[in-house]
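The structure appears below as structure tokens.
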Amino acid sequence: MGKINIPSTEKILEEAFNQVLHKYGKNSFKELINIISLSKVINEIEEEAYNLYKRYERDAIKEYVEKKRLTDKKVLEAIYKMIDNSLITSIANIRRSRAGLTSQQILVKILRELDIPCQVSRSKFQGYKPA
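If you count by the numbering used here, then the sequence shown holds residues -10 to 120, one letter each, in order.
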């Protein structure tokens, strides 16, 4: 298909964190977890990150299609339907790999913001090595 440019997981995650804080009018996660539960914060950040990713994905594919001069309205509509239904395998694989990493990064960032020490494991367990 060619290369499409989607921001890094870190950039999308940072934007999601900021949007959730802004939604509740808070400046830090310490303030935020005083009004809503930690699990709700994590869920909202994951959902916001997913929505941002979908928006960036759509924009990147639109840009790619325009560069290839495939701008017929029906072509664009078909591509958007494929995106919305997750029919593009390579993009679906990227989503899966980012999803696990994103969840881990959300938890690590929140724990560190709350001054709770944590570290990401780099060890293998039964042949599996976490990202």
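Each residue gets a CB set at the ideal place from its N, CA and C atoms; glycine is no exception.
None of the values given here were measured: they were computed from a predicted structure.
Simplified DSSP state of residue i, which is helix, strand or coil
| i | result |
| --- | --- |
| Lys0 | helix |
| Leu76 | The predicted model places Leu76 with a pLDDT of 44, which falls under 50 and marks its position as unreliable; any figure quoted below should be read in that light. Coil. |
| Asn23 | coil |
| Met(-10) | With a pLDDT of 47 at Met(-10), under the threshold of 50, the modelled position of that residue is not reliable, and the figure given next carries that caveat. Note: Met(-10) maps to coil in three-state DSSP. |
| Ser17 | coil |
| Arg44 | helix |
| Lys98 | helix |
| Asn57 | As written in the sequence, residue 57 is Lys, which differs from the Asn given in the question. Of the three classes helix, strand and coil, the one that applies to Lys57 here is coil, per DSSP. |
| Gln108 | coil |
| Ile(-5) | coil |
| Leu10 | helix |
| Leu103 | coil |
C-beta contact flag for residue i and residue j at 8 Å
| i | j | result |
| --- | --- | --- |
| Ile31 | Leu96 | yes |
| Tyr13 | Ile1 | no |
| Leu27 | Glu4 | no |
| Asn137 | Ala49 | With the chain covering only -10 through 120, there is no way to say anything about residue 137. |
| Tyr45 | Pro(-4) | yes |
| Lys62 | Phe6 | no |
| Ser92 | Glu35 | yes |
Cβ neighbour criterion (16 or more within 10 Å) applied to residue i
| i | result |
| --- | --- |
| Ile105 | exposed |
| Val109 | exposed |
| Val9 | buried |
| Glu33 | buried |
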